[in-house]
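Protein chains: 4
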Amino acid sequence: STKLRKYIISPYDSHYRAWQIFLILLVIFSAWICPFELAFMRHLPRHLYIADNIVNAFFAIDIVLTFFVAYLNKETYLLVDDPKKIAARYITTWFIFDVCSTAPYQPIGRLFRKQENGLAIRLLNMLRLWRLRRVSSLFARLEKDIRFNYFWTRCTKLTAVTLFAVHCAACFNYLIADRYRHPMETWIGSEMPDFKMQSLWTRYVTAIYWSITTLTTTGYGDLHAVNTQEKLFDIFYMLFNLGLTAYIIGNMTNLVVHGTSRTRNFRDTVQAASQFAARNQLPRQIKDQMVSHIIIRFKTEGLKQQEMLASLPKGIRSNIAYNLFFPIVEKAYLFKGVSFSFIFQLITEMQAEYFPPTEDVILQNEASSDMYIVVSGELDMRAYVCGTCQIYRTVGEGEIFGEIGILCDSPQPFTFHTRELSQLLRLSKSSLMNAMKENLEDSTIVMNNFFQKL
Amino acid sequence: STKLRKYIISPYDSHYRAWQIFLILLVIFSAWICPFELAFMRHLPRHLYIADNIVNAFFAIDIVLTFFVAYLNKETYLLVDDPKKIAARYITTWFIFDVCSTAPYQPIGRLFRKQENGLAIRLLNMLRLWRLRRVSSLFARLEKDIRFNYFWTRCTKLTAVTLFAVHCAACFNYLIADRYRHPMETWIGSEMPDFKMQSLWTRYVTAIYWSITTLTTTGYGDLHAVNTQEKLFDIFYMLFNLGLTAYIIGNMTNLVVHGTSRTRNFRDTVQAASQFAARNQLPRQIKDQMVSHIIIRFKTEGLKQQEMLASLPKGIRSNIAYNLFFPIVEKAYLFKGVSFSFIFQLITEMQAEYFPPTEDVILQNEASSDMYIVVSGELDMRAYVCGTCQIYRTVGEGEIFGEIGILCDSPQPFTFHTRELSQLLRLSKSSLMNAMKENLEDSTIVMNNFFQKL
Amino acid sequence: STKLRKYIISPYDSHYRAWQIFLILLVIFSAWICPFELAFMRHLPRHLYIADNIVNAFFAIDIVLTFFVAYLNKETYLLVDDPKKIAARYITTWFIFDVCSTAPYQPIGRLFRKQENGLAIRLLNMLRLWRLRRVSSLFARLEKDIRFNYFWTRCTKLTAVTLFAVHCAACFNYLIADRYRHPMETWIGSEMPDFKMQSLWTRYVTAIYWSITTLTTTGYGDLHAVNTQEKLFDIFYMLFNLGLTAYIIGNMTNLVVHGTSRTRNFRDTVQAASQFAARNQLPRQIKDQMVSHIIIRFKTEGLKQQEMLASLPKGIRSNIAYNLFFPIVEKAYLFKGVSFSFIFQLITEMQAEYFPPTEDVILQNEASSDMYIVVSGELDMRAYVCGTCQIYRTVGEGEIFGEIGILCDSPQPFTFHTRELSQLLRLSKSSLMNAMKENLEDSTIVMNNFFQKL
Amino acid sequence: STKLRKYIISPYDSHYRAWQIFLILLVIFSAWICPFELAFMRHLPRHLYIADNIVNAFFAIDIVLTFFVAYLNKETYLLVDDPKKIAARYITTWFIFDVCSTAPYQPIGRLFRKQENGLAIRLLNMLRLWRLRRVSSLFARLEKDIRFNYFWTRCTKLTAVTLFAVHCAACFNYLIADRYRHPMETWIGSEMPDFKMQSLWTRYVTAIYWSITTLTTTGYGDLHAVNTQEKLFDIFYMLFNLGLTAYIIGNMTNLVVHGTSRTRNFRDTVQAASQFAARNQLPRQIKDQMVSHIIIRFKTEGLKQQEMLASLPKGIRSNIAYNLFFPIVEKAYLFKGVSFSFIFQLITEMQAEYFPPTEDVILQNEASSDMYIVVSGELDMRAYVCGTCQIYRTVGEGEIFGEIGILCDSPQPFTFHTRELSQLLRLSKSSLMNAMKENLEDSTIVMNNFFQKL
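In structure tokens, the structure reads:
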């Protein structure tokens, strides 16, 4: 939203982003066509020659454009829009690589040697692959963007790397066979003696088939290195494959471990509750309360939620509490007429909790330590009198319970038992007492409200 | 237990669950027969045709039934039994897929084209595989159900996925060979020239054998892709295999890491104790006490038990404490005659602990911070007087010790040493003092009990 | 050490342990010989027949012996030596399996059918493999025993499982080939047409070679399934291998992650310190202090040490503190003449810490919160007076520093700087003040000691 | 920096380090040449013979040198420079191994048997591989050195181990083939009947090609074990490979898990914030505040930073705080004229925090618990008066805000809202109050400063 100088584009500009995405598509095309031309194209067809040069032109435009794009200073987190600084940064970092990967080697070759696709030119063309750094940084960005699923982003990245490796290896291996002096003593010639007569499609599929057979270590053996050059290439390719396969498995393990952590955590917690209940021979009803509470907690609370909230600064937490709790708390009978700042102080100390049906929130006679406001759901107010359980009334939305024990400083006189899934706001005795001590006027209003109700 | 409208079935109804399990079996049959028919059945035998249609009929019944099954609202966690809402939800989600996967393509094909198993019909039949989502959701449910072992649930799921992948690949690969114009230039024909004459069993086993040889990357090479179509299929299958193998290994790693975490945790803790003792040249007897305490703790306490208990709301924790400790505490001499609510307050603050034999629970002269009630086991009461150790008496079940130091506000006058595995309830000085401050009458009774004993 | 009834053996008895180890050796022999006899021995040689029966005799003895071995009750952690309970437990659990796996099938076969090694007998012999549960429980025990390295225990277990799987598969695959009606159409016959004439050694090595080639998914293809029976067996073996390989990799990953966790933790902590220093442009000397402190801490403190100590009960912790700190603290000038129980109270609150050379332990003018006793090493006492740093004196073993700030309730008047690696006992202000408040007499002595020194 | 005796070299001496690095290069040469000579060199060429002996000479020098190198005592962390102790330690540990791995077996062999490279000599030469322990300890050191990237250090180590294993296996397998009585019945002879006539290069590449084909389990099958000896060797090599592959994958998984943990942690935290905001229908603006705060925190705070700082001793933490905060705090208006030690006490309690733009640091009416000093950035001071928001003024570098609420003991009268990325020092109410209570004079100055500003 900050205003930049004239002619300077923000890197977050939506048109610039679209242009970058368009370039990514061209990069993918380049990455595929470069090794393919190297291996299979002794003479470059006219339409490919034109396509290559158009793609190069787009990247040349991008080089010019980069001089007009602001960048984010890593120390101040501010966009820098000074053209001199932008130029200095670009020229000292990637400018030279970008120029080398964009230079039109084929037209130059044609000018000098009357041959636009000699091996030297084709090898220089491989510099185009430098453009892949754009794909790499795209993935780095996607991984940090929670709008994209982490699992699929990583899988796409790994698949892209694998396919590129397979394609490159297929092309290079074909190149070796194509240039070997005895065509019959090559990996493809020993199986398909007339391979140079075959269609481009057949040769490419065969090369890819060999490549992937080797990468996945299937190794049927129908196509295998025959001469020393091929063996050498195979040695390096297999070593690389070992690393790549290990990297793929490592990533998958990482994803699986991460993806199942929530389920495992849930299982472990439920199991701990079951085992604890079994070992101590707790009645079935308490065990059920424990398990259903754990289930509700896992359903209503995100992974790391508590930790995340605790790490936020107090200003944001107050803001959240205000949005969540103020409308409910200001309507509660106990806080009728008190000052805004008193309620504000209380809500920053409140905690929202979910209780499943048929669970005891407060037990009769237990030490009073918390009071609750009902956000949603219904509870029974019960008491054991002379050994029989009596239900006095139902506590519903917006009502307060547990305040008697706290304000009279006595054990809780009633049991409160949920009838359905209930969301409650919990306020601890100490928080309420501190707030009342600091605001004597409001404190009197609260006590008045309380005695009026009694 | 909530009552639903007439004609509406609860998704937790046991009959409905049984029906779902029955459908799962039919799904497994469908998943196996669909690719098999596609590849190996040019003409469908009469009994298979009938079986297919019966299976379809069952799924058609299930589609109708779904309109009468209540669903759980994800926001309120209540069952919705309004037929209109149920219908609206089903039609907007999976209805259309279910209908497509159940339509009787073979009878329709017979009506129109006098041929019930043409390739088009057989390909349409593959829509049956949509039913597999039932298996997928079954596994998702089983994984969260602690009655089933997580390790074996995951292994079964992975095995099922692997077998299905192997079966499908075998069928598709055979289909390609079966339809290729030169039977001899196929993966099966080059090894078994008369393969179309072979028995269904031989052909199926050979196809599965090729499929699994490729999936496990064994790749003997006796059967391998020969023509370009097969090579293309093989390329995709091997790429898929790479992902599947990585996924299997990732899952197994996850399971192994999870399965051994308790043992590793135990080892690390014991090792920390041993190393600490060695580095500080502690006497052997103290080292043994440390190690045996760690062993008992790992045996008597579940993984995550402390964390699980801490996360439960106060109501449930009070309930647990009441069930576990009340019968013991009310019989203790110190609490004879005190009010119910006083004991209730104390037990919510108590902690159950296990001590292995020959361990010091309290040391003479140490600052008094806790008192203990013996739940089970026996302890010696010792004191060092003039340098010699004297055993005064044995403390047994239901007795209290350590209270002298707390109530007299002095260092502990005696050492207490376990004679056998003992379970003790620990009550901290501050908890007792707070409770006594708040209940002056009970406090007097406690002090009276204490002085009478002295 | 507990006394058992007459004729009842403790499971921890060293002779019984030795007997168990001896049986483990016999189990390994059984596990190897059973599949081997099944596959390669049409007629059992005399010496093998005798060896088998001797081994069986030993296991028969063990069955009888088990009736006289006490067991540990899982609930009370006490040894049960009641012969009736022992017998009841054994008969209801593993007795029947043990008997079946020990019955002498070969002599019985000879009695009835005049043939001691028919296929039926040999298959019954496979019940011997039940004995492997002893190996399994041995490994479970070794994994929890910190005298054995976890890495090598797990590796040995995995190697044993792998070798057993390879051996079994080799034997079964040979059995299939040996019994197939066309010897030439088998996996071994197609490569080695006269395989039945070959030596036992050649046949066994070839079978193992095939087995391991398949298990490791190398799959050269020189030996591969030829007939449908072999293909079926291969399918199951490869499926099993997929699981076994994943299990091996999962275990290795687990071990690697566990084994490197300490190094990674160390690196992360040092890196955090370096980055923090770099980001905040802290002087080089402070950065060095941070890093060298982290290095010393990792060298002197075991993984999980803090956590382990915190989980021990107070009795043990007091005992440890007494052993570690008492001899040093009682000699310190400040505590000359105070009561034993006062020192005892202090040492339970002390913490041992290591400081690398040239590190500031206390800074002049900082709020006084701790005092230190030097266990080993030397420190300089410095002060900045009028902007120049003056070294007053050297503080050595057994001396106290930092007490001036605490007892005078003022900021620290001096900087204390380590000259070499120093071990210090830290005592916090609040712990000392509490102890002095509770022990007024000792408090006077301490203050006297302090003033006398001043 | 400590001074050592004459003629004794420190192990940290830069020349000695360079010598060690030079020896590492010789070790790599030895490790490659030893198996190579064993397999491929029936007769050792003159230049290799000389090179071997020169290398041995260097290692002989190192043996002598080791007697003059001080070592670090593991208990006192001091360098030991007593020649007797150095000698005793070396002779009792690795001296004998070093001598055996350096003895000139070839010259000795030539003396006695007129043949410098018989098989016995060549096998004795394999003792040279003991030198590899130097490489092993180099890697152990590099892994703990944060100047080297952990990922690449581990990858280099694994690659080195893999290449060495491949090289050794290639050499041994060739040795077996070379010495087999029927050259045609060997793994290499069956494919390349005239292999003994081939160039060294071709034979070596073929051997390596077989080795790596087997290690990566590709197993084309063009080269495979033919005779029983080769099969036996292959069995052990494949078993070893299974372990090595699992080890490589385990390491890679470890590295991937570690490398992605920061990103995953970031994603989980942002996701928790998003889900929390969505579930509670928080306004978009609060959600944006939460997310941008999390992003800033992850960018400005290293992994484990909090934990690392907490584990440092108080002296270092005070030193850090002094360096970071003193220049800013002493210029703040509130602390004009107070004593140095008062400021010193405050800064040890301060926390540096970053706030992204447009975030509320303090909310009007919230309970006052902290005051802030602006290190960098700008904030708006706002208040809602009669329902409209008024911006009073801008708070810039070096200014204090939030102190009114704290010093008047009232709720905060203003909202403070960041305008750009701001770094703030937070000081909690309780820390300030404690410091003021302990320093009454400074307290009066602070209150005077405060009232003067009001």
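Protein chains in written order, with our numbering: chain A, 41 to 494; chain B, 41 to 494; chain C, 41 to 494; chain D, 41 to 494.
Just so it is clear, CB atoms sit at the ideal spot from N, CA and C, and this is done for glycine as well.
(request) State the CB to CB distance for the pair valine 397/D and glutamate 460/D, rounded to an integer number of angstroms; the pair is presumed to be in contact (CB under 8 Å). (result) It is worth fixing the name first, because residue 397/D is proline in this sequence and not valine. Confirmed, about 5 Å.
(request) Could you list which residues in chain D have their beta carbon closer than 8 Å to that of glycine 229/C, in chain order? (result) Correct list: empty, because the minimum Cβ distance to chain D is about 17 Å.
(request) Starting from phenylalanine 395/D, follow its DSSP beta bridges and name the residues at the other end. (result) Ser462/D
(message) Just to confirm my understanding: we take valine 201/D, look at its own chain, exclude 5 residues before and 5 after, and list those with CB closer than 7 Å. What are they?
(response) none
(request) Report the residues of the region 245-270 of chain B with a CB closer than 9 Å to any CB of chain D, ordered along the chain. (result) Thr257, Thr258, Gly259, Tyr260, Gly261
(request) Could you tell me which residues DSSP pairs with aspartate 121/A in its beta bridges? (result) Beta-bridge pairing links aspartate 121/A to no other residue.
(request) Compare the C-beta of glutamate 183/A with all C-beta atoms of chain D and state if any pair is closer than 8 Å. (result) yes
(message) In whole angstroms, give me the CA-to-CA distance for methionine 292/A and cysteine 195/A.
(response) 8 Å
(message) I'd like to know if lysine 43/D contacts chain C, where contact means its C-beta is closer than 8 Å to some C-beta of that chain.
(response) no
(request) Return the chain-ordered list of same chain residues with a C-beta closer than 8 Å to the C-beta of tyrosine 190/B, the five sequence neighbours on each side being excluded. (result) Glu183, Leu295, His298
(message) Going by DSSP, what residue range makes up the alpha helix (DSSP H) through alanine 71/C?
(response) 54-80
(request) Mind listing the chain D neighbours of threonine 293/B? Cutoff is C-beta to C-beta under 7 Å, in chain order. (result) Thr293
(request) Give the straight-line distance between the Cα atoms of isoleucine 94/C and leucine 66/C, rounded to the nearest whole angstrom. (result) 10 Å
(request) Kindly indicate the opening and closing residues of the beta strand (DSSP E) around threonine 434/A. (result) 428-435
(message) Within a Cβ cutoff of 7 Å, which residues of the same chain sit near leucine 172/D, ignoring the five residues on either side of it in sequence?
(response) Val67, Ala71
(request) For tyrosine 412/B, name the three-state secondary structure that DSSP assigns. (result) strand
(request) Express the C-alpha separation of isoleucine 402/D and serine 41/A in angstroms, rounding to a whole number. (result) The pLDDT assigned to serine 41/A is 48, lower than 50, so where the model puts this residue is not dependable; a value taken from the coordinates is nonetheless given after this. When rounded, the distance between both Cα atoms is 24 Å.
(message) Going by DSSP, what residue range makes up the beta strand (DSSP E) through tyrosine 424/A?
(response) 419-425
(request) Note down, in chain order, every chain C residue with its Cβ under 8 Å from the Cβ of isoleucine 356/D. (result) Ile326, Gln329, Met330, His333, Glu399, Asp400
(request) Would you identify the three-state DSSP class for histidine 87/B, choosing helix, strand or coil? (result) helix
(message) Under 8 Å, Cβ to Cβ, is there at least one residue of chain D near threonine 393/C?
(response) Residue identity check: residue 393/C is glutamate in the sequence provided, not threonine. So yes, glutamate 393/C belongs to the interface.
(request) Identify whether histidine 264/A lies in helix, strand or coil by the three-state DSSP scheme. (result) coil
(request) State yes or no: is the beta carbon of proline 233/B nearer than 8 Å to at least one beta carbon in chain C? (result) no
(request) Would you verify that the beta carbon of glutamate 418/D is, or is not, closer than 8 Å to some beta carbon of chain A? (result) no
(request) Residues of the region 287-315 of chain D with a CB closer than 8 Å to any CB of chain C: list them in chain order, please. (result) Tyr287, Ile289, Gly290, Asn291, Thr293, Asn294, Val297, His298
(message) So with CB distances below 8 Å, who are the chain D contacts of proline 367/A?
(response) Near proline 367/A there are no residues of chain D at all, since even the closest Cβ is about 12 Å away, more than 8 Å.
(request) Pick helix, strand or coil for histidine 457/A, following the three-state DSSP scheme. (result) strand
(message) Please identify, using Cβ separations under 9 Å, the residues of the region 67-96 of chain C that lie next to chain B, in order along the chain.
(response) none
(request) Can you pull the chain B residues whose beta carbon is under 9 Å from the beta carbon of leucine 169/A, in chain order? (result) Within chain B, no residue comes near leucine 169/A; the closest Cβ sits about 22 Å away, beyond 9 Å.
(request) Name, in chain order, the residues that DSSP records as bridge partners for tyrosine 111/A. (result) Val120/A
(message) Please identify the residue among Leu465/A, Cys429/A, Thr246/A whose C-alpha is closest to the C-alpha of proline 353/B.
(response) Leu465/A
(request) Pick helix, strand or coil for serine 230/C, following the three-state DSSP scheme. (result) coil
(request) Taking only runs that begin and end inside the region 150-183 of chain B, name each unbroken alpha helix (DSSP H) of 4 or more residues, in chain order. (result) 159-165, 173-183
(message) Need the endpoints of the alpha helix (DSSP H) that aspartate 400/D sits in, please.
(response) Aspartate 400/D -> not in any alpha helix (DSSP H); beta strand (DSSP E) instead, spanning 400-402.
(request) Quick one: measure Cβ to Cβ for phenylalanine 382/D and leucine 447/D, integer angstroms, because I've assumed they're closer than 8 Å. (result) About 15 Å separates the two Cβ atoms, so there is no contact after all.
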